[in-house]
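Everything on this sheet refers to the single structure shown next.
Protein chains: 2
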Amino acid sequence: MQVNPIQLFDAESSTFTYILVPPGSREAVIIDPVDRHVERDLAHIARLGLQLTHVLETHAHADHVTSAGKLRAMTGAKACVPSGCGIPPAEVQLNDGDRISFAGHEQIDVIHTPGHTAGSVCYLWRGNLFTGDTLLIDGCGRTDFQSGSADALYDSVTRKLFALDDATRVWPGHDYKGQSVSTIGWERRHNARLANRSREDFVALMAALNLPRPRLMDIAVPANQNLGLPHSV
Amino acid sequence: MQVNPIQLFDAESSTFTYILVPPGSREAVIIDPVDRHVERDLAHIARLGLQLTHVLETHAHADHVTSAGKLRAMTGAKACVPSGCGIPPAEVQLNDGDRISFAGHEQIDVIHTPGHTAGSVCYLWRGNLFTGDTLLIDGCGRTDFQSGSADALYDSVTRKLFALDDATRVWPGHDYKGQSVSTIGWERRHNARLANRSREDFVALMAALNLPRPRLMDIAVPANQNLGLPHSV
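As you go down the protein sequences, you meet chains A and B in turn.
According to my numbering, the first sequence is numbered sequentially starting from 3.
According to my numbering, the second sequence is numbered sequentially starting from 3.
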């Protein structure tokens, strides 16, 4: 049965964090937590009477710092990251097709979706797809740094994500317009960047974006490759 | 079974709008939609393939204008409002103890909770309590206008809401700190304004707040008493 996650927002970087709570369970998983909200997120865990078992990252973010390392230290949750993202302190290094089990019979499927970064993954749980910066609502993540590739993102989205059930709910890693959730069916038919567009058109479109370099990139990426914890000297 | 609503946010007034979708259903209900987001909210309805059957208001808001009238016109949904809020164009006038049925066997219970305004209600659906401005996360709505009453709010929260199951999830009408959801159990034990506080203390605390008059009040309240539609001349 499809149940919605709890969706939390960081207004500074427009980042979504998700808490996954199976019906009737006290065990929970968090995806892409943000460092500046670690107290807020722990308060939610406490208010709902939850035990955090896993902290998941979709990739090594360039626009904000994760709280994964702090949450691991404070709750005992396992840190789970894509194997291709260069995050050695995480004890679980995930590959395409892996499954994360929690709360008894709950399963989270790992889908490797290179493009925004070479190591990016999406997570699928009970018909909910957590897309990180791979697929956004009516958009997609940028592909111009961290081994990003418009070619790879095109394949990841059109071959892997658009092959999922139409009713799959899409929970993005960011939104800049106050939006919350979409579906695979809608994105396949209407996504402004990816619906009914050839690979060549998409690659040209992404190459022409000329986006500014993320302000926090030189701080955020090394920090996130250490789960947001200070590097030892 | 407890399933989370879809939670949408208006950053201008820090207002939450909720879409309630029962598992496996295409029929949905929306609570406290915001006028400036009517296109966003209709896009969510379309992306999820939903049919909107009811638009619910928790009260006549003073800080933003509702889109209830527009959504009714565009979707055919019924407008449902608390009978004590002076919103005559709504076809369903709700009283304490009423039930709204939708999507087959789904039931939303109406709980009259005067205090923020004399007519305010909360809605209870599948263990989720939509509290409007009556109970906020670690706080509560103001009680100094629109027939508000700190005395009445104290009774509404401590006698009616805190009597619900501890695990009841509290989905507020506003949040100003990036928070999303709480529980009745946590609020009864820890709410900064209402937990373990005498009526006299609470009334004195609310009287001492000296809040500024809401900027949009003279526009928003009359507009909301007409479901957000222009008054005919």
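Beta carbons are placed, not taken as given, at the ideal position from N, Cα and C, and that holds for glycine.
Close Cβ partners of residue i (< 7 Å) along its chain, the five nearest in sequence each way excluded
| i | result |
| --- | --- |
| B:Pro116 | Ser122, Ser151, Ala154 and Ser158 |
| B:Pro216 | Ala64 and Asp65 |
| B:Ser184 | Ile139 and Val172 |
| B:Cys7 | Just to set this straight, residue 7 of chain B is Pro in the shown sequence, not Cys. Excluding residues within five positions, the ones whose Cβ falls inside 7 Å are Tyr20, Ile21, Leu22, Asn130 and Trp173. |
| B:Gln95 | Val83 and Ser85 |
| B:Met76 | Leu44 |
| B:Asp168 | Thr185, Ile186 and Gly187 |
| B:Ala210 | none |
Cβ shell of residue i (< 6 Å), same chain only, five flanking positions each side left out
| i | result |
| --- | --- |
| A:Ser16 | His176 and Tyr178 |
| A:Asp220 | none |
| A:His2 | With chain A running from 3 to 235 in the structure shown, residue 2 of chain A is simply not present. |
| B:Gly71 | Leu229, Gly230 and Leu231 |
| A:Val67 | Asp37, Ala222, Ala225 and Gly230 |
| A:Asp203 | none |
Closest residue to residue i among the options (Cα-Cα distance)
| i | options | result |
| --- | --- | --- |
| B:Asp12 | B:Val40, B:Leu22 and B:Arg28 | B:Val40 |
| A:Arg28 | A:Asp43, A:Leu54 and A:Leu44 | A:Leu54 |
| A:Gly51 | A:Ala30, A:Ala169 and A:Phe132 | A:Ala30 |
| B:Arg38 | B:Ser69, B:Lys162 and B:Ala64 | B:Ser69 |
| A:Pro84 | A:Asn226, A:Val23 and A:His46 | A:Asn226 |
| B:Leu49 | A:Ile186, A:Asp220 and A:Arg201 | With the sequence shown as reference, residue 49 of chain B is identified as Arg, and Leu is not the correct amino acid for it. Minimum Cα distance to B:Arg49 is reached at A:Ile186. |
| A:Leu44 | A:Thr19, A:Gly26, A:His66 and A:Asp65 | A:Thr19 |
| B:Leu218 | B:Ala120, B:Asp65, B:Cys142 and B:Thr133 | B:Asp65 |
| B:Thr2 | B:Gly26, B:Thr119 and B:Asp168 | Because chain B here runs from 3 to 235, residue 2 of chain B falls outside it and cannot be looked at. |
| A:Ile32 | A:Gly26, A:Glu14 and A:Phe104 | A:Phe104 |
| B:Gly78 | B:Val67, B:Gly134, B:Gly86 and B:Glu93 | B:Glu93 |
| A:Asn212 | A:Leu163, A:Phe147, A:Asp168 and A:Asn198 | A:Phe147 |
| A:Leu166 | A:Ile89, A:Asp111, A:Arg199 and A:Cys87 | A:Asp111 |
| A:Ser149 | A:Val205, A:Glu14, A:Cys87 and A:His233 | A:Cys87 |
| B:Asn198 | B:Glu14, B:Asp168, B:Phe164 and B:His233 | B:Phe164 |
Exposure of residue i, with buried meaning 16 or more beta-carbon neighbours within 10 Å
| i | result |
| --- | --- |
| A:Gln9 | buried |
| B:Glu189 | buried |
| B:Arg195 | buried |
| A:Gln109 | exposed |
| A:Pro35 | buried |
| A:Arg161 | exposed |
| B:Arg101 | exposed |
| A:Gly26 | exposed |
Residue j beta carbon less than 9 Å from that of residue i
| i | j | result |
| --- | --- | --- |
| A:Thr60 | A:Leu126 | no |
| B:Val223 | B:Ala62 | yes |
| A:His46 | B:Gln181 | yes |
| A:Gly129 | A:Pro24 | no |
| A:Gly143 | A:Asn193 | no |
| B:Tyr156 | B:Arg201 | yes |
8 Å Cβ shell around residue i - same chain, five flanking residues per side excluded
| i | result |
| --- | --- |
| B:Arg74 | Val57, Lys80, Ala81 and Leu229 |
| A:Arg42 | Leu10 |
| A:Val205 | Ala152, Asp153 and Tyr156 |
| B:Pro91 | Gly71, Ala81, Asn228, Leu229 and Leu231 |
| A:Glu14 | Arg38 and His66 |
Closer than 9 Å to chain D by CB, residue i
| i | result |
| --- | --- |
| B:Val183 | Checking the listed chains, one finds no chain D in this structure; the protein chains it contains are A and B. |
Heavy atom of the ligand GDP within 8 Å of residue i beta-carbon
| i | result |
| --- | --- |
| B:Ala75 | This structure does not include the ligand GDP; it has no bound ligands of any sort. |
8 Å contact criterion, which residue i and residue j should meet: CB distance rounded
| i | j | result |
| --- | --- | --- |
| B:Leu138 | B:Trp173 | Contact flag wrong, Cβ pair sits at about 10 Å. |
| B:Met208 | B:Thr145 | 5 Å |
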